[in-house]
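Shown next, in structure tokens, is the structure this report addresses.
As structure tokens, then:
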């Protein structure tokens, strides 16, 4: 009788140990899958940020170079069209940035990049509507675009660094195995949602 009880006890312990090891293996596998997917998405976000600002900077540079041409109305319409496209993409990028990072990243993004390029845009539109700029003003606007371009590069470099060190968004959350309360490595529901299972 004692041997039957010990056999059953060993079998039950074996079942629990097997289930536990299978669960750990499943978590490791899915954690790696989430990490790969989130890294790809975050890298794509950095590329999109660089892309929309590069396009906006190039558009403004073209406007400054061609500001003395006669067809000012046509240029202004084209410029407004590019602004609408920028606004649509900017809102999408800002939403994605909020998902991957913190609110402070979004504030920096708006203050350091968007606000500066919008200010420059107002100046260029004013010139297009009301006449030729002084040479000094033209030079100031061009210099401001150079500064914005550097800030875009620095911001993207910061994001890339955080992605590489897994110090951003879900990457940061799933990376911390030491925290026993880390729901991103223990919650079956969250893992399923992240993997869209």
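Residue numbers (UniProt numbering): 1 to 197.
Heads up, the beta-carbon is just placed ideally off N, CA and C, and yes, glycines get one too.
Residue environment, residue i, which counts as buried when at least 16 other CB atoms sit within 10 Å
{"i": "residue 16", "result": "exposed"}
{"i": "residue 46", "result": "buried"}
{"i": "residue 153", "result": "exposed"}
{"i": "residue 111", "result": "exposed"}
{"i": "residue 101", "result": "buried"}
{"i": "residue 42", "result": "buried"}
{"i": "residue 7", "result": "exposed"}
{"i": "residue 59", "result": "buried"}
{"i": "residue 127", "result": "buried"}
{"i": "residue 54", "result": "exposed"}
{"i": "residue 279", "result": "Because residue 279 is not part of the residues shown, which for the chain are 1 to 197, the question remains open."}
{"i": "residue 38", "result": "buried"}
{"i": "residue 34", "result": "buried"}
{"i": "residue 44", "result": "exposed"}
{"i": "residue 178", "result": "Residue placement at residue 178 cannot be trusted, given a pLDDT of 49 that sits under 50; what the coordinates show is reported in the next sentence. Flag for residue 178 reads exposed."}
{"i": "residue 163", "result": "buried"}
Whole-Å CB distance - residue i paired with residue j, under 8 Å assumed
{"i": "residue 79", "j": "residue 52", "result": "Wrong, their Cβ atoms sit about 15 Å apart, outside the cutoff."}
{"i": "residue 148", "j": "residue 116", "result": "5 Å"}
{"i": "residue 142", "j": "residue 64", "result": "6 Å"}
{"i": "residue 61", "j": "residue 113", "result": "Their Cβ separation, rounded to whole angstroms, is 16 Å, which puts residue 61 and residue 113 out of contact at 8 Å."}
{"i": "residue 49", "j": "residue 156", "result": "6 Å"}
Cβ of residue i within 8 Å of any chain D Cβ
{"i": "residue 147", "result": "Within the model displayed, chain D is absent; a lone protein chain is all it includes."}
Please give me, in chain order, every unbroken run of the alpha helix (DSSP H) with length at least 4 that falls completely inside the region 106 to 173.
With a minimum length of 4 residues, the continuous alpha helix (DSSP H) runs that stay inside the region 106 to 173 are 115 to 130, 135 to 164.
Along the chain, which unbroken stretches of the beta strand (DSSP E) at least 3 residues long are found entirely within the region 81 to 106?
List check, beta strand (DSSP E) in window: nothing returned.
Would you check if the region 87 to 103 and the region 117 to 131 touch, i.e. whether three or more CB-CB distances between them fall below 8 Å?
Contact between the region 117 to 131 and the region 87 to 103 is absent, with fewer than three C-beta pairs closer than 8 Å.
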